[in-house]
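Note that the protein sequences, when read in sequence, are chains A and B. For any residue, its number in the working numbering is found by taking its place in the first sequence, counting from 1, and adding 71. For any residue, its number in the working numbering is found by taking its place in the second sequence, counting from 1, and adding 71.
2 protein chains.
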Amino acid sequence: MPQALQQVNTPLIGVPGGRHLLDTPALLIDLPAMTRNIERMAAFARSRGVNLRPHVKTHKSVEIARRQVAAGAIGVSCVTLGEAEVMVQGGIPGVLITSPAVTPSKIARLIRLAQQARPGDVMVVVDNPQNLADLARAASELTHPLDVLVDYGAGYNRTGAATQAKVLELAALAAAEPRLRLRGLQAYAGNLQHIVAREERSAAAAGLRETVAGIVAAARRQGLNFDIVTGAGTGTHDLDSQENAFTELQAGSYVFMDAEYSRVLADGDQPSPFETSLFVQTAVVSTNAADWVTVDGGTKCFSTDSGVPLVAKGADAASRYAFFGDEHGKLMPPTGSQGSQAQRPALGSRVEFVTPHCDPTVNLHDAYHVVEGGTLVAIWPVDARGRR
Amino acid sequence: MPQALQQVNTPLIGVPGGRHLLDTPALLIDLPAMTRNIERMAAFARSRGVNLRPHVKTHKSVEIARRQVAAGAIGVSCVTLGEAEVMVQGGIPGVLITSPAVTPSKIARLIRLAQQARPGDVMVVVDNPQNLADLARAASELTHPLDVLVDYGAGYNRTGAATQAKVLELAALAAAEPRLRLRGLQAYAGNLQHIVAREERSAAAAGLRETVAGIVAAARRQGLNFDIVTGAGTGTHDLDSQENAFTELQAGSYVFMDAEYSRVLADGDQPSPFETSLFVQTAVVSTNAADWVTVDGGTKCFSTDSGVPLVAKGADAASRYAFFGDEHGKLMPPTGSQGSQAQRPALGSRVEFVTPHCDPTVNLHDAYHVVEGGTLVAIWPVDARGRR
Chain A
72 MPQALQQVNT PLIGVPGGRH LLDTPALLID LPAMTRNIER MAAFARSRGV NLRPHVKTHK
132 SVEIARRQVA AGAIGVSCVT LGEAEVMVQG GIPGVLITSP AVTPSKIARL IRLAQQARPG
192 DVMVVVDNPQ NLADLARAAS ELTHPLDVLV DYGAGYNRTG AATQAKVLEL AALAAAEPRL
252 RLRGLQAYAG NLQHIVAREE RSAAAAGLRE TVAGIVAAAR RQGLNFDIVT GAGTGTHDLD
312 SQENAFTELQ AGSYVFMDAE YSRVLADGDQ PSPFETSLFV QTAVVSTNAA DWVTVDGGTK
372 CFSTDSGVPL VAKGADAASR YAFFGDEHGK LMPPTGSQGS QAQRPALGSR VEFVTPHCDP
432 TVNLHDAYHV VEGGTLVAIW PVDARGRR
Chain B
72 MPQALQQVNT PLIGVPGGRH LLDTPALLID LPAMTRNIER MAAFARSRGV NLRPHVKTHK
132 SVEIARRQVA AGAIGVSCVT LGEAEVMVQG GIPGVLITSP AVTPSKIARL IRLAQQARPG
192 DVMVVVDNPQ NLADLARAAS ELTHPLDVLV DYGAGYNRTG AATQAKVLEL AALAAAEPRL
252 RLRGLQAYAG NLQHIVAREE RSAAAAGLRE TVAGIVAAAR RQGLNFDIVT GAGTGTHDLD
312 SQENAFTELQ AGSYVFMDAE YSRVLADGDQ PSPFETSLFV QTAVVSTNAA DWVTVDGGTK
372 CFSTDSGVPL VAKGADAASR YAFFGDEHGK LMPPTGSQGS QAQRPALGSR VEFVTPHCDP
432 TVNLHDAYHV VEGGTLVAIW PVDARGRR
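Take a look at the structure:
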């Protein structure tokens, strides 16, 4: 097979100025910024007395998961079984699968994975009595019980039981089933993460904390212990960690940040506590149009679900990007400056962008190009890219 | 490394009803429908006396390219050098790279590729005198001249020289350069492909044909022969093949079709001449919400640049899909039927969708699950996925 892009760029590792010689488009990590983000969130969780089990759907990388665990995370959260398989294979402990495993194929894979891992290192959420019975039947093949958390819809209702009564019913079923071990509760409110107005987000999160505390108290009265209460994303990590409603946070995007979350986490004059550490480097491949230059990153390089990439380096920061097909972007200098050649990046020059939404953008790339200043210091695979 | 999805599903090949047992989400090809599309476009091109060099950015598959060539295509078009590398490695002849190779890294890869392939089997477009000089310098390493086509912006101006004068200037430079061989002209009007109103699309395409014919005539008067005049997408294939303006078509999406192109190619009561042959199969993973069920395909499974997936099988066709995060979709029964349990797909059941936009959706998947009726007959890799 032809060389993958990471192999094309491997000879540039350690070469002075290698960042500016990359085969493009290339997904970049600013290593010092990412390291600060990892340390900041770990310190934040410690200061609040909650555990951190960061979501790897953002980065899908064993190397980054290792760094998160080394900084204090108790494990990782995964949305797909394929992500969990990659993490267990990579030696990452404490893997929580945050979406139900429902079809026979997925349940068979889950059981194989749970058997490979140490007891307790693979946990899965459940939101349906039929699914719970299917898991229990399959778990009879295991030499240890299967760890489950009951999933609560939390008003978002992507997955999860819809009411406290349904949560308690599932928890009682799990507790009564010897082939399962009830570990806790998941309450993830995806709909709150991206509310930009802090007061509105804060009020909604307070309501969720109250509901979750009520569910946990009711469970305790029935002798159902939710040792783990997990939830929270990057958008609500500071809210969900108040009042001991949650025992752990599953925020993920903080490691990279993106255009969207930077808006959400900025608080008045205070910028986000996390820095943008993820970028995409493109090259200018055509300069014939009067009002734009064309760069080699399009809909197969940047996710299209949340706005457009923002210029970080290599062009006037006020230039606007527009999608221009699978492999191209239109980069327009600021209005009023079209006549100025100084504003137009030259053919072959590099333009780096902040990603519009980090998770689905990462999923379009096979490798991270890890940089410190102008130096490429490593290339890491996006190990779980495309794993379902 | 953990098993990739194609390996998970490989044991299902040939198993009766295997289509309904797949690990999900799974990208599906309806093989008879795709085969008819390939044959129809080949027959259409023959009937118009034009060549067909279909664009592989749609499918990124050596197997599908082989079938297109077997049906009469003279080669394939590629937007990235990585796609071209995969096709040459797979033995596909007549590879045209439809975007300029500009950076030193890309030019070095192009030269290596041209040397590997038979003379004439790798061609690249050029839209800039500086890039032309760079290519000529690099081509001195080749044992044969490098084949180039001059790229004309065609009013779209993603890449391409902006005017007839600039096209002729580039053509003269290429013709005068012994290390290059001038092969023709590219005029791709991406902006015309998706105009739904047929009369408007037709008028715009007629204007382009006139311009292209004018450029070619002017070139001939200067002794510059454009043997190849390439352009056209699925949206304008029947227009661009009129009046001998183009010698070949580079349409790609016709092989699969999608929600968007089906709207464009329908002509009054006449449906599109091409059938939808690409689908994504999801499974229902949560059924607790009152107004929807949740399926396991989200923004990492369907492209988000052009509307939403449409139900093809497994649920009421009038159900609406909404994106629901990286790995999930919200599937809502038709308004007014929320109370009817019969309308709600059961937990674990399969729902298949027409993709909103085929090219970037394919790019999210590692493998095609090739089906005939209820049988999985093959699994093909998306060979060039992620190749830049």
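Glycine included, C-beta positions come from ideal geometry on N, C-alpha and C. Remember, it's a predicted structure, so these values are computed and weren't measured experimentally.
Mind checking residue i: buried by the 16 CB within 10 Å criterion, or exposed?
| i | result |
| --- | --- |
| Q321 (chain B) | buried |
| G457 (chain A) | buried |
| G162 (chain B) | exposed |
| Q352 (chain B) | buried |
| V86 (chain B) | exposed |
| R117 (chain A) | exposed |
| H440 (chain B) | buried |
| N199 (chain B) | buried |
| E271 (chain A) | exposed |
| I450 (chain B) | buried |
| P380 (chain B) | buried |
How many Å lie between residue i and residue j at the Cα?
| i | j | result |
| --- | --- | --- |
| P249 (chain B) | I84 (chain A) | 36 Å |
| S273 (chain B) | T307 (chain B) | 8 Å |
| Q257 (chain B) | A113 (chain A) | 54 Å |
| M158 (chain B) | Q139 (chain A) | 40 Å |
| I266 (chain A) | V335 (chain A) | 7 Å |
| T446 (chain A) | D430 (chain A) | 25 Å |
| H215 (chain B) | K131 (chain B) | 28 Å |
| P405 (chain B) | A389 (chain B) | 6 Å |
| R107 (chain A) | S312 (chain A) | 20 Å |
| V378 (chain B) | S374 (chain A) | Here residue 378 (chain B) is Gly; the residue named in the question, Val, does not match the sequence. Going by the C-alpha atoms only, they are around 14 Å apart. |
| P73 (chain B) | A290 (chain A) | The pLDDT assigned to P73 (chain B) is 42, lower than 50, so where the model puts this residue is not dependable; a value taken from the coordinates is nonetheless given after this. Going by the C-alpha atoms only, they are around 37 Å apart. |
| Q414 (chain B) | N228 (chain B) | 48 Å |
| N262 (chain A) | L279 (chain B) | 47 Å |
| D218 (chain A) | H91 (chain B) | 28 Å |
| G255 (chain B) | V197 (chain B) | 11 Å |
| P175 (chain A) | E156 (chain A) | 17 Å |
| N296 (chain A) | V433 (chain A) | 37 Å |
| V232 (chain B) | Y259 (chain B) | Checking the sequence shown, residue 232 (chain B) turns out to be Ala, not Val. About 12 Å. |
| A330 (chain A) | G165 (chain B) | 42 Å |
Indicate the three-state DSSP secondary structure (helix, strand or coil) for residue i in the structure shown.
| i | result |
| --- | --- |
| C149 (chain A) | strand |
| P87 (chain A) | coil |
| F115 (chain A) | helix |
| Q74 (chain A) | Residue confidence for Q74 (chain A) is low, a pLDDT of 48 falling below 50, so the modelled location carries little weight; the figure read from the coordinates is stated next. Coil, per DSSP. |
| S377 (chain B) | coil |
| A341 (chain A) | Before going further, note that residue 341 (chain A) is Gln rather than Ala in the sequence given. Strand, per DSSP. |
| G400 (chain A) | strand |
| K177 (chain A) | helix |
| A449 (chain B) | strand |
| V127 (chain A) | coil |
| E314 (chain A) | coil |
| G302 (chain B) | strand |
| N359 (chain B) | coil |
| E248 (chain A) | coil |
| G285 (chain A) | helix |
| D194 (chain B) | The sequence shown places Met at residue 194 (chain B), not Asp. In this structure, M194 (chain B) counts as strand in the three-state DSSP scheme. |
Who are the neighbours of residue i on chain A, taking C-beta pairs under 9 Å?
| i | result |
| --- | --- |
| R229 (chain B) | S357, A360, T365, F395, G396, H399 and K401 |
| T70 (chain B) | Outside the modelled stretch of chain B, which goes from 72 to 459, sits residue 70 (chain B), for which no answer is possible. |
| A233 (chain B) | N359, A360 and A361 |
Show which residues of chain A have a CB atom less than 8 Å away from the CB atom of residue i.
| i | result |
| --- | --- |
| S374 (chain B) | T370 and T375 |
Residues of chain B with a CB under 9 Å from the CB of residue i: which are they?
| i | result |
| --- | --- |
| G224 (chain A) | S357, N359 and A360 |
Listing by chain order, which chain B residues have their CB less than 7 Å from the CB of residue i?
| i | result |
| --- | --- |
| T151 (chain A) | E398 |
| A354 (chain A) | V173 and T174 |
Which chain A residues sit within Cβ distance under 7 Å of residue i?
| i | result |
| --- | --- |
| H483 (chain B) | Past the edges of chain B, shown from 72 to 459, lies residue 483 (chain B), and the structure says nothing about it. |
So with CB distances below 8 Å, who are the chain B contacts of residue i?
| i | result |
| --- | --- |
| V79 (chain A) | S176 and R180 |
| H91 (chain A) | Result: empty, since nearest Cβ-Cβ is about 10 Å, beyond 8 Å. |
- Could you list the residues in the stretch 115 to 135 of chain B with a C-beta less than 8 Å from some C-beta on chain A, going in chain order? Those residues of the stretch 115 to 135 of chain B that come within reach of chain A (Cβ to Cβ, closer than 8 Å) are K128.
- Message: Please identify, using Cβ separations under 9 Å, the residues of the stretch 186 to 215 of chain B that lie next to chain A, in order along the chain.
- Response: Those residues of the stretch 186 to 215 of chain B that come within reach of chain A (Cβ to Cβ, closer than 9 Å) are D198, N199, Q201, N202 and D205.
- Query: Just by C-beta distance, which residues in the stretch 379 to 395 of chain A are closer than 9 Å to chain B?
  - Reply: Under the 9 Å Cβ criterion, the stretch 379 to 395 of chain A contributes F394 and F395.
- the stretch 156 to 173 of chain B: positions lying closer than 9 Å to chain A by Cβ: Within the stretch 156 to 173 of chain B, the residues whose Cβ lies closer than 9 Å to some Cβ of chain A are E156, V157, V159, Q160, S170, P171, A172 and V173, listed in chain order.
- According to a CB-to-CB cut-off of less than 8 Å, which residues of the stretch 242 to 275 of chain B neighbour chain A? The residues in question are G261.
- Using a Cβ-Cβ cut-off of less than 8 Å, give me the residues of the stretch 431 to 448 of chain B that come near chain A, in sequence order. For the stretch 431 to 448 of chain B, the residues whose beta carbon sits under 8 Å from a beta carbon of chain A are, in order, P431, N434, L435, H436 and D437.
- Message: Using a Cβ-Cβ cutoff of 8 Å, what residues of the stretch 413 to 427 of chain B are near chain A? List them in chain order.
- Response: If the cut-off is 8 Å between Cβ atoms, the stretch 413 to 427 of chain B has L418 and G419 near chain A.
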